[in-house]
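Counted from 1, the sequence shown has number 18 at position 3 by my numbering; the numbering is strictly sequential.
Built from N, CA and C at the ideal position, the CB exists for glycine as well.
Being a predicted model, the structure only gives us computed values, none of them experimental.
Structure first, commentary second.
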Amino acid sequence: DAVVLGTGMKECLLSGLLSCAGKKVLHLDRNNYYGGASASLDIHQLFEKFQCSQPPSEAELGKLRDYAVDMVPKFIMAGGQLVKVLIHTKVADYMEFKPVDGSYVYRSGGKVHKVPLTPKEAMKSSMLSIQEKARMSQFTLWVA
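Structural data, given as structure tokens:
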């Protein structure tokens, strides 16, 4: 009844909704991985996608398949409409929902910084000015 090209979030939701409506769906993707632009790639796929030189060895990083690098962060509000659609289409049966343990940003100069989640972390952050530290501390208290 339908052919869906691509395996991004929109395409997967469309495919699921059509299937729930009793339609037969052929779902195709040109990539050798699922997820389109918002895929999570292992180290080999990541190096292949960005045409980098040799990926690191398992001796350097441990099991390379244990890594999953998100091309686009995927945050879903726990009580939002998207969660309801994922449950309705049974896509949620194949997903794992976890709270966010921490967020990190990459800044020029090759440094990775933890995004502060508490007033204490905000005050210790090297990526914030004095004024930003005060505002971030107030914000984290307000959100909590």
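- Proximity of the stretch 68–87 to the stretch 95–110 falls short of the contact definition, fewer than three beta-carbon pairs being nearer than 8 Å.
- The alpha-carbon of D44 is positioned some 6 Å away from that of L20.
- Judged by pairs of C-beta atoms under 8 Å, the stretch 65–78 does not touch the stretch 39–55, as fewer than three such pairs exist.
- In the displayed model, L20 falls within a strand according to three-state DSSP.
- When beta bridges are read from the DSSP output, K126 appears opposite R122.
- A check of alpha carbon separations from C35 across S55, P131 and A17 identifies A17 as the nearest.
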